[in-house]
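**Student:** If you scroll down you'll find the structure; I have some questions about it.
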Amino acid sequence: MNDIPRKPTDSELDILRVLWTHGPATVRQVQEHLPPEPKRGYTTVLKLMQIMTDKGLVSRDESSRAHIYHPTASAEQTQQSLLGHLIDKAYSGSAGRLIMQALSTRPASADDLAELRRFLDRMEDSRS
């Protein structure tokens, strides 16, 4: 599993979600699309994005006056890395225990359960 350069904080994940949803953007564009709470000013978002650049979570195109930021990993890559870390740390490497805990904490919809069954069927088929 490819690890993301460093694990993002909650505020950094908010910024990454904006970039994943809306594509490469300036600090101002990111700030405009962030959730309203907590309220973050331009300089706060700028500082966070500078830290994220140093951490390798985003890259910055400095070819124009307004720098354009790009995520360095996809949402799926980031989610896989974070989930892998959680499984290792909190569930001693057991994905099954994580899934059972997740389903007992927040029950899945009928559609989610059907999708999960199809996924498990595909996994079983690929093992045979």
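Note that my numbering has the sequence shown beginning at 1005, numbered continuously upward. Ideal placement from N, C-alpha and C gives every residue a C-beta, glycine not left out.
1. Would you call Y1046 buried or exposed, if buried means 16 or more other Cβ atoms sit within 10 Å of its Cβ?
2. CA-CA distance, A1161 and Q1105?
3. Below 8 Å between beta carbons: does that hold for I1072 and T1030?
4. For a test of the three-state rule: what should DSSP assign to H1071, helix, strand or coil?
5. Please classify A1077: does DSSP put it in a helix, a strand, or coil?
6. Under the three-state reduction of DSSP, which class applies to A1112: helix, strand or coil?
7. Considering only the alpha carbon of each residue, which of Y1095, G1088, D1058, R1032 lies closest to R1069?
8. What span of residues does the beta strand (DSSP E) with R1064 cover, start to end?
9. Return the chain-ordered ranges of every alpha helix (DSSP H) run that is complete within the stretch 1016-1061 and spans a minimum of 4 residues.
10. Let's test the definition: count the other Cβ atoms within 10 Å of the Cβ of P1012 and tell me whether it reaches 16, buried, or not, exposed.
11. With DSSP run on the structure shown, which of helix, strand or coil describes G1097?
12. To which residues of the same chain is P1039 closer than 7 Å at the C-beta, ignoring the five residues directly before and after it?
13. In or out: M1005 buried (at least 16 other Cβ within 10 Å) or exposed?
**Tutor:** Let's see:
1. What you label residue 1046 is simply residue 42 of the sequence shown in a count that begins at 1. The residue in question, Y1046, is exposed, as its Cβ has fewer than 16 Cβ neighbours within 10 Å.
2. Since the first residue shown for the chain is 1005 and the last is 1132, residue 1161 is missing from the structure and cannot be characterised.
3. Residue mapping note: residue 1072 aligns to position 68 of the sequence shown, counting from 1. Residue mapping note: residue 1030 aligns to position 26 of the sequence shown, counting from 1. At the C-beta level, I1072 and T1030 come within 8 Å of one another.
4. What you label residue 1071 is simply residue 67 of the sequence shown in a count that begins at 1. Residue state for H1071 is assigned as coil, using DSSP reduced to three classes.
5. By 1-based counting over the sequence shown, the position of residue 1077 is 73. In this structure, A1077 counts as coil in the three-state DSSP scheme.
6. By 1-based counting over the sequence shown, the position of residue 1112 is 108. Here A1112 carries a coil assignment [DSSP, helix/strand/coil].
7. Looking up residue 1069 in the sequence shown gives position 65. With distances taken between Cα atoms, R1069 lies closest to R1032.
8. Translated into the one-based positions of the sequence shown, residue 1064 becomes position 60. Its beta strand (DSSP E) spans residues 1062-1065.
9. Counting only runs of at least 4 residues, the stretch 1016-1061 fully encloses the following alpha helix (DSSP H) elements, listed from N- to C-terminal order: 1031-1037, 1046-1059.
10. Within the sequence shown, numbered from 1, the residue matching residue 1012 stands at position 8. With 16 or more other Cβ atoms from the protein chains shown falling within 10 Å of its own Cβ, P1012 counts as buried.
11. Here residue 1097 refers to the residue found at position 93 of the sequence shown. In the displayed model, G1097 falls within coil according to three-state DSSP, outside both helix and strand.
12. Indexing the sequence shown from 1 puts residue 1039 at position 35. Hits under 7 Å: D1018.
13. Walking along the sequence shown from the start, residue 1005 turns up at place 1. Its pLDDT being 46, under 50, M1005 is placed unreliably in this model, and the coordinates cannot settle the point.
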